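Working notes, structure below.
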Amino acid sequence: MLKGHVFSEQIFGNQIFALFINTFLHGRNGVSNNYKEGMVITTTGSNIHIASGAICIQGRFLEEDSGRDIVADTDNQYCSLVLEINLDAVNTSDSFLQADYKIIKNASNYPTLTQNNIVKNNAGTYQYELARFRTSASGITDFQDKRTFLDFDTIWDFIEQEWNVKLSELEEELAAVEDGSAYFLNSRLKIFHNQADDSQGKEGDIGLVYFD
């Protein structure tokens with residue numbers, strides 16, 4: 018069944034918009050560094066505070082509108098604070114259930130994140146690491162901020178830079194064609210004995226036939 022997106026009287030599906038955003042960002046995730054408080058993370062004892070901000074994970078935008086407080090356990094563990102997207106959960110008109118903060122932990126090493134291809138499959142779980150730390154009875158130690166950032170000005174600058182490079186290359190190629198040198202540079206010399214063979218070489222090659 019063919020579906021229309023960005024067509025009149027059709028619904029622009031969230032999964033298609035996520036595909037577009039993720040493709041545009043080249044698969045990068047990160048916090049917007051120019052929105053609200055940038056989701057700054059601070060700790061006091063066993064308490065974690067996540068400030069307001071916005072983040073894009075695998076093409077899907079999430080906003081922390083007012084800040085969030087989380088309490089870590091006091092057992093001896095290696096922990097990762099993640100923002101988890103679970104597309105297998107079902108949202109309702111009243112409740113957003115497909116994403117939340119989680120502390121995942123391991124007794125001997127920092128835990129491995131679950132990162133399914135939620136863009137391709139439109140299902141599964143993807144965990145984005147916000148921070149990692151260790152817990153104990155005395156509180157959080159060895160805290161590491163693991164946020165990455167999306168700087169849209171830098172992204173546009175990069176696109177413009179790449180475009181200018183390609184444009185310069187094209188201008189040089191066109192100039193070479195105009196003076197005829199490109200024809201020779203892109204050609205190969207094929208040598209034949211007594212008779213040329215059209216089945217060999219490619220278009221633009223120069224053939225040379227010699228006779229006994």
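For what it's worth, my numbering labels the leading residue of the sequence shown as 18, then goes sequentially.
All C-beta atoms, glycine included, are put in the ideal place defined by N, C-alpha and C.
Keep in mind the model is a prediction, meaning the values are calculated, not measured.
Proximity below 9 Å, CB of residue i to CB of residue j
{"i": "Ile74", "j": "Met56", "result": "no"}
{"i": "Ala89", "j": "Asn103", "result": "no"}
{"i": "Thr131", "j": "Tyr143", "result": "yes"}
{"i": "Ser97", "j": "Glu146", "result": "yes"}
{"i": "Tyr158", "j": "Gly47", "result": "One detail in the question is off: residue 158 reads as Thr in this sequence, not Tyr. No. Outside cutoff."}
{"i": "Val99", "j": "Ile65", "result": "no"}
{"i": "Asn175", "j": "Gln161", "result": "Residue 175 is actually Phe in this sequence, not Asn. No, these two residues do not count as a Cβ contact at 9 Å."}
{"i": "Leu42", "j": "Leu167", "result": "yes"}
{"i": "Ala148", "j": "Thr91", "result": "no"}
Expected contact under 8 Å - CB spacing of residue i and residue j to nearest Å
{"i": "Asn39", "j": "Gly76", "result": "3 Å"}
{"i": "Asn93", "j": "Thr152", "result": "7 Å"}
{"i": "Ala140", "j": "Asp86", "result": "Actually they do not touch by this definition, with Cβ atoms about 31 Å apart."}
{"i": "Ser63", "j": "Gly156", "result": "5 Å"}
Reduced DSSP category for residue i - H, G, I as helix; E, B as strand; rest coil
{"i": "Gln178", "result": "helix"}
{"i": "Glu80", "result": "strand"}
{"i": "Leu184", "result": "helix"}
{"i": "Leu104", "result": "coil"}
{"i": "Asn138", "result": "helix"}
{"i": "Ala193", "result": "helix"}
{"i": "Leu147", "result": "strand"}
{"i": "Thr91", "result": "coil"}
{"i": "Asp170", "result": "helix"}
{"i": "Thr131", "result": "coil"}
{"i": "Ile38", "result": "helix"}
{"i": "Asn123", "result": "strand"}
{"i": "Ile58", "result": "strand"}
Residue i to residue j span [Cα, whole Å]
{"i": "Phe29", "j": "Gly21", "result": "8 Å"}
{"i": "Glu179", "j": "Leu191", "result": "19 Å"}
{"i": "Ser112", "j": "Lys163", "result": "28 Å"}
{"i": "Ser125", "j": "Gln32", "result": "37 Å"}
{"i": "Asp215", "j": "Lys183", "result": "35 Å"}
Contact set for residue i: own chain, Cβ-Cβ below 8 Å, skip 5 residues either direction
{"i": "Ala68", "result": "Lys53, Glu54, Gly55, Met56, Val57, Ile58, Thr59, Glu81 and Gly84"}
{"i": "Pro128", "result": "Tyr95, Cys96, Ser97, Ile121 and Lys122"}
{"i": "Gly70", "result": "Val48, Ser49, Tyr52, Lys53, Glu54, Gly55, Met56, Val57, Glu80 and Glu81"}
Cutoff 7 Å; reference residue i; Cβ partners in own chain excluding five residues on either side
{"i": "Asn133", "result": "Gly141, Thr142 and Tyr143"}
{"i": "Ile135", "result": "Gln75, Ile102, Leu104, Gly141 and Tyr143"}
Cβ shell of residue i (< 6 Å), same chain only, five flanking positions each side left out
{"i": "Leu114", "result": "Ala106 and Asn108"}
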